[in-house]
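K.L.:
My numbering puts the first residue of the sequence shown at 103, with every later residue one more than the last.
For glycine and all other residues, C-beta sits at the position ideal for the given N, C-alpha and C.
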Amino acid sequence: KPGSMLRAILLTTWTTLLYSYSGSSTDGFTAIPINSAGTARHSCTVGRNHRRDQASQLIPPPLSLSMVDKTAERVVSDEDFASIKTSANTASPPASFYQLNLACQEAATTAISRGERLLEIEFPPLPSEVLEMDDVSAYDVAKANLRLAVDFAKIFAQRGEKVSILLPDEAERNIAVENFGTDTPYPGIGIESLRRSDPDDDRVFKPEQIFLSLLGGKKGDVTPIEGTDLYIILVASAQELPDVEELHLCNPDVPIVMFNLKLDTLRGDLGVPAFPPKDLQDRFLSRVRPVYYLRTRQYSRSKATPPFVVNYQGCLFRKYPGQYQTLLDIGDGNFRRILSSDLRPGLGEFKAQLVKALQDKGVVEKEGDTLTFLRTGYKTSTWWEEEREAASDIF
């Protein structure tokens, strides 16, 4: 069937990109052909039974780490840190998932060695061609994230550290274990859950759990896993973010990596009825350090002359400890650096930077204040991007 042939072509191309290497061009750099537009919600509970028999076709194979240094975790001196920061300021998005994985490992290792304990890694887990397919469910995205998280954790396990990959609850943990066939997908890496039942409680009937369920409570308790050197949080929703905070408070010395949680989206749900309050942002989420951040955006803009509509896209990219880079897509997988900043720009500011770059090149016309206001509106940022007394400038 045509649909099946298209799927086969896309997956073959994806596998080739996964293990390919490409150098930088003179006008820009070759970027990974993925974006986050149209990504489904990160929850295994949505579409859990949707096309399970074909879901494995969408998951990248395990990445080989034979080229990775397997020595003990290095301590980054101030001199080395300055050199790493200079290099990170001019880093470019990866050309393959293999290079992306290595970059995430390097950024996280550097951040942890400098005392960071709350880390964020954010990038599209699947190529845009796969994400845009109609039969790709949130379950497929979650399964891809789990595979990528295991590959990311391998470098830490090879150093002798114990890594625990945590899913929101035991039900989702059991699904992940079923996919891998084991709760230890790699020596030193375990798949666990944020909330766990008491292993010594062998009661069949638990009235307190029934009572909590009726009130919308959660099953199990948040308890640290003994001997864990690194936690990786997967597919957590806004409701599970307080559980992550509780885990951090239980053992603040153990690093926690929030892996592709789309925190930007989850922050927007705070304060809504049945969701955590907004003060979770200032109290906890504002302390999370984005160590690897790759997020693309696609826009369109009308104009008075042909072609009347201009489609453009850009990428907000950061590799710790470098700056946030606003990158404009110039075609053929290449980007042009527009601006760099120590603070992450809001999405409205990011879009304005791309538009200004297009105006400077004459691609779109410059407009007056009135028309600009009509285009952008009164508010161009979300509440958590605004200046507030309790806000943090970490991200």
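Applying the criterion that 16 or more other CB atoms from any shown protein chain within 10 Å of the CB defines a buried residue, is Val465 buried or exposed?
P.N.:
Exposed is the call here.
K.L.:
So for Asn413, helix, strand or coil by DSSP?
P.N.:
Reduced to three states, the DSSP call for Asn413 is strand.
K.L.:
In the DSSP assignment, the alpha helix (DSSP H) including Arg249 goes from what residue to what residue?
P.N.:
Segment Ala240 to Gln260, the alpha helix (DSSP H) holding Arg249.
K.L.:
Do you know how far the Cα of Leu460 is from the Cα of Asp431?
P.N.:
Roughly 11 angstroms separates the two Cα atoms.
K.L.:
Let's see if you can read the secondary structure: which residues bound the alpha helix (DSSP H) around Gln461?
P.N.:
Residues Leu449 to Asp462.
K.L.:
Considering only the beta carbon of each residue, do Gly416 and Ala190 sit closer than 8 angstroms?
P.N.:
Against a cut-off of 8 angstroms, the Cβ pair of Ala190 and Gly416 comes out as no contact.
K.L.:
Work out the CA separation of Glu280 and Lys245 for me, nearest whole Å.
P.N.:
Their Cα atoms are separated by approximately 11 angstroms.
K.L.:
Taking contact to mean at least 3 C-beta pairs separated by less than 8 angstroms, is the segment 381-397 in contact with the segment 343-359?
P.N.:
Cβ pair count under 8 angstroms is three or more, so yes.
K.L.:
If distances are taken between C-alpha atoms only, which option among Glu467, Lys256 and Asn362 comes closest to Ala240?
P.N.:
Nearest C-alpha to Ala240: Asn362.
K.L.:
What beta strand (DSSP E) runs, 3 residues minimum, are completely inside the segment 411-446?
P.N.:
Segments of the beta strand (DSSP E) lying fully in the segment 411-446: 411-421, 426-433 and 436-443.
K.L.:
Return the chain-ordered list of same chain residues with a C-beta closer than 6 angstroms to the C-beta of Asn413, the five sequence neighbours on each side being excluded.
P.N.:
For Asn413, where only same-chain residues beyond five positions count, the Cβ hits under 6 angstroms are Ser402.
K.L.:
Just checking my contact of Ile335 with Leu221 at CB under 8 angstroms: how many whole Å lie between their CB atoms?
P.N.:
Contact flag wrong, Cβ pair sits at about 10 angstroms.
K.L.:
Would you mind working out which of Lys453, Gln427 and Lys421 sits nearest Leu441, comparing C-alpha positions?
P.N.:
Nearest C-alpha to Leu441: Gln427.
K.L.:
Going by other Cβ atoms of all chains shown within 10 Å of its Cβ, with 16 needed for buried, is Glu328 buried or exposed?
P.N.:
It counts as exposed.
K.L.:
With distance defined between alpha-carbon atoms, name the residue in Lys405, Gly217, Ser198 and Ala197 nearest to Tyr498.
P.N.:
The structure shown does not extend to residue 498, since the chain is modelled only from 103 through 497, so no value can be given for it.
K.L.:
Less than 8 angstroms between the beta carbons of Val265 and Ala255, yes or no?
P.N.:
In contact: Val265 and Ala255 (Cβ atoms closer than 8 angstroms).
K.L.:
Could you spell out where the alpha helix (DSSP H) holding Val265 opens and where it closes?
P.N.:
No alpha helix (DSSP H) holds Val265; the beta strand (DSSP E) holding it covers Val265 to Leu269.
K.L.:
State buried or exposed for Leu351, treating a residue as buried only when at least 16 other CB atoms are found within 10 Å of its CB.
P.N.:
Exposed: under 16 other Cβ atoms inside 10 Å.
K.L.:
Determine the direct distance from the alpha carbon of Ser215 to that of Ser185, and round the result to whole angstroms.
P.N.:
For Ser185 and Ser215, the distance between alpha carbons rounds to 15 angstroms.
K.L.:
Where Pro379 and Gly448 are concerned, what is the direct C-alpha to C-alpha distance, given to the nearest angstrom?
P.N.:
Cα-Cα distance, rounded: 21 angstroms.
K.L.:
Please list the terminal residues of the continuous beta strand (DSSP E) segment that includes Ile293.
P.N.:
Note, Ile293: beta strand (DSSP E), Ile291 to Ser295.
K.L.:
Round the Cβ separation of Leu365 and Phe258 to the nearest angstrom and send it over; I've been treating them as touching at under 8 angstroms.
P.N.:
At roughly 22 angstroms, the Cβ-Cβ gap does not stay under 8 angstroms, so Leu365 and Phe258 are not in contact.
K.L.:
Relative to the alpha-carbon of Ile223, which residue among Leu250, Tyr395, Phe199 and Leu269 has its alpha-carbon at the smallest distance?
P.N.:
Ile223 has its Cα closest to that of Tyr395, out of Leu250, Tyr395, Phe199 and Leu269.
K.L.:
With distances taken from CA atoms, which of Leu429, Arg446 and Phe410 is nearest Leu456?
P.N.:
Looking at the Cα atoms, Leu429 is the closest of the given residues.
K.L.:
What do you reckon, are the CB atoms on Asp381 and Ala340 nearer than 8 angstroms?
P.N.:
No, the Cβ-Cβ distance between Asp381 and Ala340 is not below 8 angstroms.
K.L.:
Residues in its own chain within less than 6 angstroms of Arg219 by CB, not counting five upstream and five downstream?
P.N.:
Hits under 6 angstroms: Pro357.
K.L.:
Within the present structure, is the beta-carbon of Leu363 separated from the nearest heavy atom of the ligand ADP by less than 7 angstroms?
P.N.:
Although the ligand ADP was asked about, the structure shown includes no ligands whatsoever.
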